[in-house]
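Here's the structure, in structure tokens; my notes come after.
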Amino acid sequence: MNQSYNGELQKNLPRIESAQIVEMNRTIGSKVIFTCPRGYGLQGSNHELECLPSGHWSGSIPYCQEVRCGDPMIPKNGYIEGISMDLQMNVYFAGDIVQYACNDGYMIDGNPISICQENGRKPSCNYPGLMHGSRLVSEVKFFYEVNETINFECYEGTRLKGNRSIKCIS
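Heads up: the sequence shown is residues 1 to 170, going by the UniProt record's numbering.
In structure tokens:
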């Protein structure tokens, strides 16, 4: 015989290390949504669980785990400025910023800064280049930060095709 539960679920969810519950309702069919604080990623099959007619939750409880990026890799003929103890042990967490510098007589080629993002990736935005007949209105840099926007305009006698600005998104 298949029994269903038609009341309010009294059983609390177990306490989850570092996780935050965004929405919580214990009635049948309702869902609970989990998130993690900055620097942590939600692990497990679901970030959302449903209260089933049996009075149980629909899946296993997720957990939060500190986000780590790969080794920032010290460039040949260079070093990482202001290296912390964690970086000396090749541990690079979300939000950590690494700034590269070169030994005397060498010049940096590429982005001198690397940031470990919430998803464990390192962002990268390179100079987009210019099309014939256009110029960059924004400051020209070796690299652009995530969420930074740069603007273009056309020389007299030419017409813009496409967007006037682009935004670095990752």
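A virtual CB, placed ideally from N, CA and C, is assigned to each residue, including glycine. Note that the coordinates shown come from a computational prediction; the quantities given were computed from them, not determined experimentally.
Are the Cβ atoms of Gly78 and Tyr63 separated by less than 8 Å?
no
Is it buried or exposed, Pro37, if we count other Cβ atoms within 10 angstroms and call 16 or more buried?
exposed
Checklist entry - Given that a residue counts as buried once 16 or more other Cβ atoms are within 10 Å of its Cβ, and exposed if not, what is Val146? => result exposed
Quiz item: So, are the CB atoms of Gly41 and Val67 less than 8 Å apart?
Solution: yes
Just to check my reading of the structure: Tyr106 and Gly70 have Cβ atoms closer than 8 Å, yes? What is that Cβ distance to the nearest angstrom?
Incorrect: roughly 23 Å between the Cβ atoms, too far for contact.
Which value, in whole angstroms, describes the spacing of the CA atoms of Met85 and Gln117? With a pLDDT of only 43 at Met85, under the threshold of 50, the placement of this residue in the model should not be trusted; the figure read from the coordinates follows. The straight-line gap from Cα to Cα measures roughly 19 Å.
- Task: Find out if the Cβ-Cβ distance for the pair Ser134, Ile150 is shorter than 8 Å.
- Result: no
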